[in-house]
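The structure under discussion appears below in the form of C-alpha cells.
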C-alpha cells in the first residue's frame, strides 16, 4: 500500500530558529496535508495543499505540494516553545474515500 | 464543546476481553473515520462511514474489529477478544461531506491490553 516517509524521527532546534520537514512518497497523492499532534490530543490540521506546485502559508508555517505530487515540505519560521509536538504529513488519493495515509511523524523539540 | 469527543479517554483491559470505544462526531458532519495510532507510528486507517452508504471497512486488521454508526451520528468501535498488539490510541475523526480532506480529530482513546 501507499506509504509516506518522514525523517528524521526527531528534530531538536533552538527557539527562534527555522526548521524544515520533508515528506516523500513512492506514489502520487492528489492532496497533501500537514497535521500537528500535541501530547494527549488528536492531530490538528495545519495546512492543506490541493494542487501540484502549490505554496501555502499559515502564519509562521509554509508548506509546498511538490510538482511530482510525490513530496511535500513544511517550514516553520522563528520557532517558539509551543511549536513542540509531532508533525505528521498525510495524503489522499481521489476516489479513496478521503481516507488519509499518514507518515510516521517527526517529533519536534524546541530549546528555549 | 463543539469538537469530536471520544470515550473513554483511557481503557485498560485484560487479554481476551471485548472493548467498546465511542465517538461523537461534530454535529452536521456526515463523514466519520476511525484510525489507530500505535506507539511511534503514524495513523492507520480502520474504517470510514459516509451518510447511509455502506462503510469502507478495508482498513480493519481482523474480523475481531467491527464498527457501527447509529442514526448517522455516534459511532462505536468494538474489538472482540482483545490481544496485546491491539494496544494503541484509537482516534476518531469527522468531516463535512464536501470537504472530506479536512478531518477534525477527537482526543483519542488510549487502549492498553494486559
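Chains as they are written, first to last, in our numbering: chain A, 1 to 112; chain B, 113 to 226.
Beta carbons: idealized from backbone N, C-alpha and C, even for Gly.
- Assigned exposure category for residue 215 of chain B - 16 Cβ within 10 Å defines buried: buried
- Query: Hey, is residue 205 of chain B's beta-carbon within less than 9 Å of any beta-carbon in chain E?
  - Reply: Of the protein chains in the structure, A and B, none is chain E.
- Query: What in chain A is Cβ-close to residue 223 of chain B, meaning under 8 Å?
  - Reply: Within chain A, no residue comes near residue 223 of chain B; the closest Cβ sits about 14 Å away, beyond 8 Å.
- Ignore the nearest five residues each way along the sequence and tell me which others in residue 85 of chain A's own chain have a CB closer than 8 Å to its CB. 36, 37, 38, 39, 107 and 108
- Query: From this set, B:175, B:143, B:203 and B:152, which residue's C-alpha is nearest residue 165 of chain B's C-alpha?
  - Reply: B:143
- Message: Among A:44, A:41, A:60 and A:70, whose alpha-carbon lies nearest the alpha-carbon of residue 53 of chain A?
- Response: A:70
- Have a look at B:134, B:128, B:115 and B:140 and flag the residue whose alpha-carbon is nearest the alpha-carbon of residue 210 of chain B. B:140
- Item | Residues in the segment 124 to 146 of chain B having any Cβ partner in chain A nearer than 8 Å | 143 and 145
- Per DSSP, the bridge partner or partners of residue 190 of chain B: B:132 and B:178
- Item | Beta-bridge pairing of residue 201 of chain B - partner residues as DSSP gives them | B:149 and B:222
- Task: Would you check if the segment 71 to 79 of chain A and the segment 17 to 31 of chain A touch, i.e. whether three or more CB-CB distances between them fall below 8 Å?
- Result: yes
- Distance between beta carbons of residue 202 of chain B and residue 242 of chain B, contact taken as under 8 Å: The structure shown has nothing for residue 242 of chain B, since chain B only spans 113 to 226.
- Task: Would you kindly check if the distance between the Cβ of residue 3 of chain A and the Cβ of residue 25 of chain A is under 9 Å?
- Result: yes
- Just reading off the beta strand (DSSP E) that residue 115 of chain B is part of, what are its end residues? No beta strand (DSSP E) contains residue 115 of chain B, which DSSP labels as neither H nor E.
- Task: Would you mind telling me which residues of chain B sit closer than 7 Å to residue 63 of chain A, beta carbon to beta carbon, in chain order?
- Result: Result: empty, since nearest Cβ-Cβ is about 14 Å, beyond 7 Å.
- Query: In chain order, what residues of the same chain have a beta carbon less than 6 Å from the beta carbon of residue 31 of chain A, not counting five sequence neighbours either side?
  - Reply: 50 and 92
- Task: For the beta strand (DSSP E) containing residue 91 of chain A, list its first residue and its last residue.
- Result: 85 to 92
- Just the C-alpha distance for residue 14 of chain A and residue 81 of chain A, rounded to the nearest angstrom, thanks. 9 Å
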